[in-house]
Amino acid sequence: MDIDRRTALARMSLLAAAAALPGLGAAAQGDPQAEKGSQPAERGTRLRKIATEEAFTIPEMVEPMREVLRRGGSSLDLTLLATIYGEASGAPPQTQPTVQAPSGTGKASSNRDALARLLLPKLLDLDAARLADMDANGVDMQLLSLSMPGVQILEPGTAAALARVANDRLSEAVRRHPTRFAGLASFAPQHAHAAAKEMERAINTLKLNGFIVNSHTDNTYLDDPRYWPILEAAEALGAPLYIHPRAPSDGMAVPFRDYRMEGAVWGYGIETSTHIVRLMFSGVLDRFPRLRIVIGHMGEALPFWMWRLDFMGAPGARGAARKNELKPSEYFRRNFAITTSGVEDPLALRFCIDKLGIDHVMWAIDYPFQPTAPAVAFLESAQLSDEERAKVAHRNAERIFRITA
Ligand code: MN
2 MDIDRRTALA RMSLLAAAAA LPGLGAAAQG DPQAEKGSQP AERGTRLRKI ATEEAFTIPE
62 MVEPMREVLR RGGSSLDLTL LATIYGEASG APPQTQPTVQ APSGTGKASS NRDALARLLL
122 PKLLDLDAAR LADMDANGVD MQLLSLSMPG VQILEPGTAA ALARVANDRL SEAVRRHPTR
182 FAGLASFAPQ HAHAAAKEME RAINTLKLNG FIVNSHTDNT YLDDPRYWPI LEAAEALGAP
242 LYIHPRAPSD GMAVPFRDYR MEGAVWGYGI ETSTHIVRLM FSGVLDRFPR LRIVIGHMGE
302 ALPFWMWRLD FMGAPGARGA ARKNELKPSE YFRRNFAITT SGVEDPLALR FCIDKLGIDH
362 VMWAIDYPFQ PTAPAVAFLE SAQLSDEERA KVAHRNAERI FRITA
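All residue numbers for the sequence shown refer to this note's numbering, where the first residue is 2 and numbers rise by one.
Pasting the structure below:
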């Protein structure tokens, strides 16, 4: 392992360790904060917190993802996949919904091993350890979504089947803990019409709160007419589509291959913001004007670019072959909301609220990839009015994702 990779992983490992280890969290140690978190009625005016981009996976995903890793290839997502699901993660495929953190084997040979052993059990847990982390930090609810890159990296038939299983598992977790979890449904974009059917089942039967898609599918984007049944279904069901990052698609991958740039440090945001700009200029948002899209990471830098997008991308740009009927900022206010996942910068938050409007910004942690405590501290200490803070912390999420519990 090279030095850069080792350093980055050591840093990630420390960050992950800063969040409570399953079974070793503050709640398990009788921390008074944990007690407060589990008894919200006694906390008076405490801030209700709904975290809106929180990852999980299911035991059934482990072996298919390991098969993707064994096959190899050029996808930049393989790095993260290896971190989460690689053999070093040590956790065999399980059939139980609750998976305990593996006890130390004393064989940890690298920070990567340590990180993997932290991440996979946390992703698999939809019960005690996750709730303990939430309680320890006063988080009322997590809006759960299947961890990137989701089913999109799988062969289409497997992808569709696993999306259904993931949605079933997710709805079971929500039913076990209805006041603590809500969920975004997965679907396999590879079969758009079948995806639309699963989306309908997820909302009408499973009562989930929206959908998650991890940016491109086989290097194509949602403005492609083949995916319009998905956009049509989301709009018709009145449920938001969360466009979560994955690593840059093959066509723009080369500069990201050095310095581990493909990931959260830079590549994820570039991939996802490019996806959003494609949606705007393709005119697809004029075709589906009531489609609600949510993006994370403080809007994937798009709020900062909005003036220039409007200036250069107003409707009718000569020779640009764009089809947008509105200015990018008009789409942004009409069709989009953002979350703060992974960006704990109060200045960026202030800017986004002022630029997009207070009703368009929601709080998120990005559990378990980022630790909970600093995300909570960020939300509680940012310079916001009480009303602004309540909207970011829970009210906007309740409205946009129809969270009623
Ligand atoms: Mn995330």
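Glycine included, each C-beta is placed from N, C-alpha and C at the ideal position.
* Please report the Cβ distance between I1 and I339, rounded to the nearest whole angstrom; I am assuming they are in contact, meaning their Cβ atoms lie under 8 Å. => Nothing about residue 1 can be read from this structure; the chain reaches only from 2 to 406.
* Any heavy atom of the ligand MN within a distance shorter than 7 Å of the CB on G297? -> In this structure, G297 has its beta carbon less than 7 Å from a heavy atom of the ligand MN.
* To do: Say whether the segment 187 to 204 touches the segment 229 to 241, bearing in mind that this needs 3 or more beta-carbon pairs closer than 8 Å, one atom from each stretch.
  => Look at the beta carbons and you see the segment 187 to 204 touching the segment 229 to 241: at least three pairs across the two are nearer than 8 Å.
* Asked: What separation, rounded to the nearest whole angstrom, lies between the Cα atoms of F57 and P65?
  -> Rounded to whole angstroms, F57 to P65 spans 16 Å at the Cα level.
* Asked: Are I213 and G300 close, meaning C-beta to C-beta below 8 Å?
  -> With a cutoff of 8 Å on beta-carbon distance, I213 and G300 are scored as not near each other.
* Span separating the alpha-carbon of A164 from that of G158 -> Cα-Cα distance, rounded: 10 Å.
* To do: Quick one: give me the first and last residue of the alpha helix (DSSP H) that V69 is part of.
  => Per DSSP, V69 belongs to the alpha helix (DSSP H) from 60 to 72.
* Any non-hydrogen atom of the ligand MN closer than 7 Å to S342 Cβ -> Under cutoff, so the answer is yes.
* To do: With DSSP collapsed to three states, give me the class of T53.
  => Of the three classes helix, strand and coil, the one that applies to T53 here is strand, per DSSP.
* Should P23 go down as buried or exposed, given a rule of 16 or more other Cβ atoms within 10 Å for buried? -> Note that P23 scores 36 on pLDDT, short of 50, meaning its location in the model is unreliable; the coordinates nonetheless yield the value given after this. Counting of Cβ neighbours within 10 angstroms places P23 among the buried residues, the total reaching 16 or more.
* Should H217 be listed as close to the ligand MN, given that the test is whether its C-beta is under 7 Å from any heavy atom? -> False, no ligand heavy atom lies under 7 Å from that Cβ.
* Whole-angstrom C-beta distance between G270 and H298, which should lie under 8 Å -> Going by Cβ atoms, the distance from H298 to G270 rounds to 6 Å, so yes, they are a contact pair.
* Compute the Euclidean distance between the alpha carbons of I294 and N336, then round it to the nearest angstrom. => Between I294 and N336, the C-alpha separation is close to 6 Å.
* Asked: Is D134 near the ligand MN, judged by its Cβ being under 7 Å from some heavy atom?
  -> No.
* Backbone secondary structure at G151 - three-state DSSP -> DSSP places G151 in helix when its eight states are reduced to three.
* **C-alpha distance - S216 paired with F305, whole-angstrom precision** => Computed Cα separation, rounded: 20 Å.
* **Cβ neighbour criterion (16 or more within 10 Å) applied to Q384** => Exposed, since its Cβ has fewer than 16 Cβ neighbours within 10 Å.
* Asked: Whose C-alpha, out of V166, R258, T218, is nearest the C-alpha of I59?
  -> Taking only the C-alpha atoms, the option nearest I59 is V166.
* To do: Determine, using beta-carbon pairs with one atom in the segment 71 to 89 and one in the segment 181 to 193, whether at least three such pairs fall under 8 Å.
  => The segment 71 to 89 makes no contact with the segment 181 to 193, as fewer than three CB pairs between them are under 8 Å.
* **C-beta atoms of A174 and L127 nearer than 8 Å** => Against a cut-off of 8 Å, the Cβ pair of L127 and A174 comes out as a contact.
* Asked: Where does F370 fall in DSSP's three states?
  -> Three-state DSSP puts F370 in coil, outside helix and strand.
* To do: Return the first residue and the last residue of the beta strand (DSSP E) that G1 is part of.
  => One cannot answer for residue 1 here, as it falls past the ends of the chain, which runs 2 to 406.
* So L48 and R390 are in contact, right, with Cβ under 8 Å, and what is the actual spacing, rounded? -> Sure, about 6 Å apart at Cβ, within 8 Å.
* Is M370 near the ligand MN, judged by its Cβ being under 7 Å from some heavy atom? -> The sequence shown places Phe at residue 370, rather than the Met named in the question. Here the distance from the Cβ of F370 to the nearest heavy atom of the ligand MN is below 7 Å.
* Asked: Can the beta-carbon of V63 be found closer than 8 Å to that of L155?
  -> No.
* For I213, the first and last residue of its enclosing beta strand (DSSP E) -> Its beta strand (DSSP E) spans residues 212 to 215.
* To do: Whole angstroms is fine: what's the gap from L380's alpha carbon to H361's?
  => Between the alpha carbons of L380 and H361 lies a gap of roughly 15 Å.
* **Beta bridge counterpart(s) of H245 as assigned by DSSP** => DSSP, once it has assigned bridges, lists N215 as partnering H245.
* **E345 beta carbon near the ligand MN (any heavy atom closer than 7 Å)** => It does not: the Cβ of E345 is nowhere closer than 7 Å to a heavy atom of the ligand MN.
* From A376, P329, P256, R291, pick the residue whose C-alpha is nearest to that of R309; which is it? -> For the set A376, P329, P256, R291, the Cα lying nearest the Cα of R309 is the one of P329.
* To do: Rounded to whole angstroms, what's the CA-CA distance from I401 to H395? Just pull it up for me.
  => Using only the alpha carbons, I get a separation of about 10 Å.
* **Per-residue burial, A321 [other beta carbons within 10 Å of its own, 16 or more giving buried]** => That one is exposed.
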